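Everything on this sheet refers to the single structure shown next.
Residue numbers (my numbering), protein chains in the order written: chain A, 85 to 443; chain B, 85 to 443; chain C, 85 to 443; chain D, 85 to 443.
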């Protein structure tokens with residue numbers, strides 16, 4: 085490992101856009117413009133305004149649905165609101181152990197919903213029907229037995245926290261596994277745009293069979309804003325109250341809505357997500373040839389996972405921040421975003437090469 | 085009552101800024117500019133950025149404190165986070181029955197905190213020590229008895245939901261009543277700026293003896309944003325986790341922080357609140373002379389409460405929206421904001437006069 | 085006030101059965117015998133046993149219903165289980181401010197249900213339709229508005245905590261007031277036997293229009309045991325899970341069930357409650373003539389409320405324990421039970437007379 | 085598989101005491117006698133009575149501690165009360181995936197505590213320090229990071245749900261693993277007597293380093309009753325309120341306490357548990373020689389786990405009930421209790437032999 089002084093001498097300036105998180109990116113200029121344009125005098129509060137109607141319509145058009153759309157501030161909040169609408173007090177959520185709701189929301193689901201998460205270990209962060217079948221005792225065997233929580237929601241993350249994307253066939257199989265168990269399907273789509281961009285399919289196709297979608301905006305160029313897309317009409321009333329009760333009902337709703345309209349305009353959302361994906365692919369391709377860096381898998385969305393020597397990790401994080409995903413195996417996560425540039429990637433690769441060579 | 089067609093004939097255009105809520109106002113242009121300026125490339129997420137540091141410092145300077153400051157999206161969320169940090173599972177909150185936490189948050193405190201609110205009826209929306217003393221059984225008598233919740237937090241609203249402002253002497257007396265009962269003091273300051281403007285005192289004075297403050301920005305010219313000011317260091321850790329768990333931790337924090345900095349710059353926050361108060365005073369003065377409109381009390385902040393004939397209410401709400409506060413006594417609430425103009429007030433007065441005369 | 089030494093000299097031995105609570109009474113000998121008789125080798129756990137079937141049938145026979153019956157350990161638990169089955173997360177409970185669920189359960193409803201209790205002040209502990217109508221804003225005005233909790237359950241206590249009994253006409257009027265608001269009716273019947281005994285009516289009559297009943301056993305001669313009577317079939321599944329989740333599902337259910345069978349046999353439950361009521365009436369008649377003791381109202385169940393000089397209260401509680409109900413007005417509560425004897429009452433009256441005379 | 089008619093012809097009468105659960109056993113006669121003897125006129129409610137004092141003292145004597153003891157009705161309730169006292173809202177519980185709190189309490193911990201359970205897969209139902217260390221990311225990595233719940237309690241079950249017993253060395257190592265992480269230790273001791281009987285050690289030894297113990301009575305010969313042993317004085321106040329709030333505060337406490345005194349008298353609790361263990365050993369020894377029955381492991385407490393052909397399972401459960409523990413591998417669970425006789429075991433073995441031979 086090389087010391088901090090040497091880092092300063094040996095390394096170039098770090099990349100402008102760090103690879104720590106797609107939350108470090110700013111907002112797209114068109115989003116800021118739309119937000120500013122929405123500041124056009126007074127407007128009715130809590131969503132009964134034309135901006136909110138337009139943004140809801142835009143989301144409905146994208147997913148070819150007449151679903152009700154609610155706008156929330158953040159991803160944890162959006163997840164909680166949608167899940168609350170789907171659950172009775174005795175119900176449980178089945179999810180991957182790496183799911184954001186299971187790991188990264190400080191137990192908000194348990195605290196607010198009072199519900200158990202049945203988290204299934206998955207080698208690659210993806211659920212598949214076989215994993216659900218293997219939980220025969222906890223899922224099928226619990227049905228109707230008062231001693232056990234009742235698995236009611238299958239919660240998927242698309243793209244996953246591990247940067248993978250469910251194929252349409254995988255999605256269909258999971259949704260069928262839920263349906264035969266009388267379970268509903270929730271999709272945490274904080275990075276749904278990245279997944280759709282990877283799949284290259286019609287957006288409507290990825291919500292087929294889904295009951296509630298958290299449709300992410302923040303990580304894809306908004307200041308902040310997530311949409312809760314309620315694809316089952318019978319969940320709307322519960323969700324509307326849950327939104328207020330979970331403190332996710334923006335009083336000046338138009339400013340969230342206007343951002344979404346700008347994001348969805350002329351396919352910008354897929355363009356931005358596609359760029360982030362391309363930057364991850366460029367990064368993966370670049371590190372693939374660097375000795376001492378083992379790619380975990382070919383990136384499908386905007387995350388690259390790699391295994392490095394501990395000393396290399398230490399050196400690199402002195403230069404620019406990122407997360408050690410699993411310290412037990414020295415696995416790191418590098419995220420790209422709509423704002424990451426080719427120059428950022430190339431600069432980062434430069435640093436990786438120096439660090440790897442310097443061990 | 086006159087019908088909708090006649091309304092169109094007889095009434096002028098309604099005021100641009102409705103009197104339904106101070107949430108109908110937009111954001112101050114300087115706030116939008118600051119938000120846009122914060123969109124300056126990438127930044128560390130979750131508040132570890134210079135905008136957040138600057139805004140926290142500005143709030144600390146205003147209140148002359150070294151308190152920890154957290155930024156949240158909304159008022160309900162800010163209240164919940166602060167209260168969670170103050171409460172053990174057995175603890176209760178004593179508040180006015182008209183308090184926002186008791187009436188207007190869809191039971192978010194009970195759902196998230198699992199805590200009882202002991203709400204005290206108050207003629208004018210204000211608590212006073214006598215009301216607390218009168219609850220000897222529920223408050224003092226409950227102490228240490230496992231059958232009863234333990235009153236732990238006295239929750240005040242400044243200015244109150246009924247547009248009143250606690251005088252400094254009233255505040256001191258209430259805080260003393262809390263202290264002698266070993267209770268903490270929470271202030272819901274969604275409209276604290278309006279209260280300080282009315283009191284004309286040093287901002288630091290209104291948080292003297294207070295443990296946690298929800299310091300409102302949304303109603304005073306922000307897009308959205310509230311600050312949780314933790315005046316007791318021993319509450320900081322619990323509050324930080326509660327913020328995440330309550331889904332009130334903005335990932336791109338800088339955009340909230342930058343707005344607050346703009347609001348606090350050069351006393352803008354007090355200027356805007358003072359203007360809203362002045363508009364309420366103008367409205368109250370104007371209606372005072374209209375036959376058939378009884379002012380409930382001289383406004384102290386940015387709300388006017390009045391009693392009208394039901395027919396007059398019906399006619400007026402066909403023209404421009406506002407809330408019937410208490411239908412049992414035909415009481416209405418008219419709110420002003422930083423964006424309300426003298427022309428809006430005068431136009432509204434014109435309509436009130438027509439409606440009152442048309443009965 | 086006379087000192088402790090003088091108390092010993094001047095007062096006779098205190099009554100064997102104190103007037104502090106009907107929980108100080110033991111279990112009826114027939115109940116103990118039935119519990120012991122149920123200890124007849126092994127039996128299937130969790131209620132799938134003949135004792136539970138028989139006791140459920142006995143309760144159904146008494147109330148002339150085919151309702152599902154669940155047995156729980158305690159009154160707070162029974163209330164929580166029944167209420168959970170009736171409530172969505174956004175729903176609220178309307179109750180008297182003196183209700184056990186509001187005052188004496190340490191906030192268990194808020195903690196477990198996450199629900200708000202809208203408690204109405206009542207001069208005599210009884211609700212009536214006028215009180216509900218007076219809450220137009222909080223009850224009718226909240227309907228469908230996401231900012232407010234949705235009043236969904238009207239919770240009555242029969243007999244009330246203040247020893248009053250709703251007449252059948254009063255009950256009918258309250259149930260009608262609930263029905264027109266699409267609210268369900270819960271009855272906390274911890275002392276329902278005392279109420280029925282007072283009313284002298286058919287037990288089935290008091291549950292007419294009721295959706296869920298907590299039918300008390302503990303205060304009427306059981307070791308412990310309460311029944312949750314689910315008069316709406318659509319609440320059964322939710323209640324069965326809530327029972328387990330609220331930790332109110334006795335594994336060896338037969339021992340609770342057998343007690344209930346013994347209690348209901350040959351009208352014993354009404355006989356015991358009638359005796360308790362008679363002892364309260366005897367006590368009330370006795371104190372009525374003692375100078376310095378003001379009866380609050382003629383007792384209808386097994387509680388006597390009276391106002392005494394503070395010194396008299398202090399002296400008496402040195403002799404035998406009881407509760408000061410409202411210290412602000414020096415009101416005390418004296419409870420009788422199935423175990424209180426005429427000698428206990430007469431001895432207590434003796435003490436009251438001495439204390440009142442000694443001031 | 086043989087049909088129901090043949091079962092009746094071929095099989096003897098089923099054993100009097102089923103092997104489905106140790107909850108099917110009745111109460112020990114001495115326990116019933118003690119309960120009946122406690123029915124000695126009135127007594128102060130909620131535990132301020134001599135029976136409760138005596139039983140608390142007896143438990144303290146057994147564990148050689150001055151811990152506070154609370155009595156609850158059931159095991160789920162006891163667990164919840166103890167855990168509530170140990171947890172802040174942000175805290176999580178680390179437990180084995182097979183733990184009763186994780187699997188068999190219908191999510192009561194999540195509902196009541198609002199806390200996440202971090203459940204670790206264990207091959208044999210036992211935790212060991214290596215499993216905790218392997219969760220570096222979720223346990224050590226979460227410390228102080230607001231995005232993650234804070235692992236605060238290590239919850240052990242002694243004996244485990246899988247009939248295993250932690251050795252003293254294993255316990256010490258786990259407690260040390262908790263201590264170095266600043267975690268508290270909770271023991272679910274619903275079958276602690278069986279564990280101590282197996283270990284043959286001083287009871288005080290098994291609570292060394294433990295912070296809260298749920299000390300089971302129901303499965304070891306009580307009607308119902310569990311004790312919450314608070315080995316840290318600083319948890320007492322929180323636990324006392326949690327007991328009430330969780331609806332686990334028996335009003336007529338003496339009847340629970342008297343049962344415990346009878347159970348602990350003259351070592352009866354260890355005698356009864358030892359008998360149950362011996363019956364499991366006899367059963368295991370008996371099935372060991374039956375072709376087609378594979379013992380999973382040598383029983384250490386009162387449970388036998390075995391793998392059988394599905395047809396054999398079907399046939400046997402038509403004769404006498406028991407649980408299929410893991411249908412994926414055809415594993416069954418057979419429980420013995422204090423009431424199981426040698427004749428019951430031998431009769432059951434007879435049936436197993438017939439069923440296994442009849443395939």
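Glycine included, every Cβ here is placed at the ideal spot set by N, Cα and C. The structure presented is a predicted model; accordingly, all values stated were derived computationally and were not measured.
Look at residue 410 of chain A: its C-beta is under 8 Å from a C-beta on chain D. The beta carbon of residue 247 of chain D does not come within 8 Å of any beta carbon belonging to chain A, so the residue lies off that interface. Here residue 178 of chain C is near residue 235 of chain C, since their CB atoms are less than 8 Å apart.
Boundaries of the beta strand (DSSP E) harbouring residue 235 of chain B: 234 to 241, taken from the DSSP string. Contact of residue 407 of chain B with chain A is not assigned, every C-beta pair being separated by 8 Å or more. Per DSSP, residue 311 of chain A is one residue of the beta strand (DSSP E) stretching across 310 to 314. At a cut-off of 8 Å between beta carbons, residue 365 of chain D makes no contact with chain B. Cα atoms of residue 433 of chain C and residue 336 of chain D: separation of roughly 26 Å, rounded to the nearest angstrom.
At a cut-off of 8 Å between beta carbons, residue 173 of chain B contacts chain C. Contacts with chain A at 8 Å (Cβ-Cβ) do not include residue 212 of chain D. Closer than 8 Å to the CB of residue 230 of chain B there is at least one CB belonging to chain D. Proximity of residue 308 of chain D to chain C, defined by a Cβ-Cβ separation below 8 Å, is satisfied. Distance between residue 271 of chain D and residue 326 of chain D, taken at the CA atoms: about 17 Å. Below 8 Å, too few C-beta pairs join the region 402 to 413 of chain C and the region 226 to 240 of chain B to call them touching: fewer than three. Judged by pairs of C-beta atoms under 8 Å, the region 95 to 107 of chain A touches the region 420 to 432 of chain A, as three or more such pairs exist. Scanning chain C for C-beta atoms nearer than 9 Å to the C-beta of residue 206 of chain D yields nothing, as the closest lies near 25 Å away. Bounds of the beta strand (DSSP E) holding residue 297 of chain C are 296 to 300. For residue 195 of chain B, the nearest beta carbon of chain C is closer than 8 Å to its own beta carbon. DSSP lists C:391, C:410 as the beta-bridge partner residues of residue 415 of chain C. Under the three-state reduction of DSSP, residue 95 of chain C is assigned to coil, being neither helix nor strand. Annotation for residue 428 of chain A: 99, 100, 101 place their beta carbon closer than 7 Å to its own, counting only its chain and skipping 5 residues before and after. Contact with chain C is absent for residue 274 of chain B, since none of that chain's Cβ atoms lies less than 8 Å from the residue's Cβ. Look at residue 318 of chain B here: in three-state DSSP terms it is helix. Under the Cβ criterion of 8 Å, residue 281 of chain C is not counted among the residues facing chain D. Looking from the CA of residue 391 of chain B, the closest CA among B:402, B:376, B:399 belongs to B:376. Counting along the chain, residue 211 of chain B sits inside no alpha helix (DSSP H), nor does DSSP assign it H or E at all. Residue burial annotation: residue 436 of chain D is buried, with at least 16 other C-beta atoms found within 10 angstroms of its C-beta.
Per the Cβ contact rule, the region 297 to 313 of chain D is in contact with the region 333 to 348 of chain D (3 or more Cβ pairs under 8 Å).
Cβ atoms of residue 171 of chain C and residue 237 of chain C come within 8 Å of each other, at about 6 Å. For residue 157 of chain B, the closest Cβ of chain A is nearer than 8 Å. Scanning its chain for C-beta atoms nearer than 6 Å, with the 5 sequence neighbours on each side dropped, one finds around residue 152 of chain A the residues 314, 320, in chain order.
Residue 165 of chain A sits in a helix when the DSSP states are folded into three classes. Between residue 316 of chain A and residue 295 of chain A, the C-beta gap is smaller than 8 Å, which places the two residues in contact.
Between residue 105 of chain C and residue 198 of chain B, the alpha-carbon positions lie close to 29 Å from each other. With respect to chain B, the C-beta atom of residue 332 of chain D has no partner C-beta closer than 8 Å. For residue 160 of chain B, the neighbours in chain A by C-beta distance under 7 Å run, in chain order, 331.
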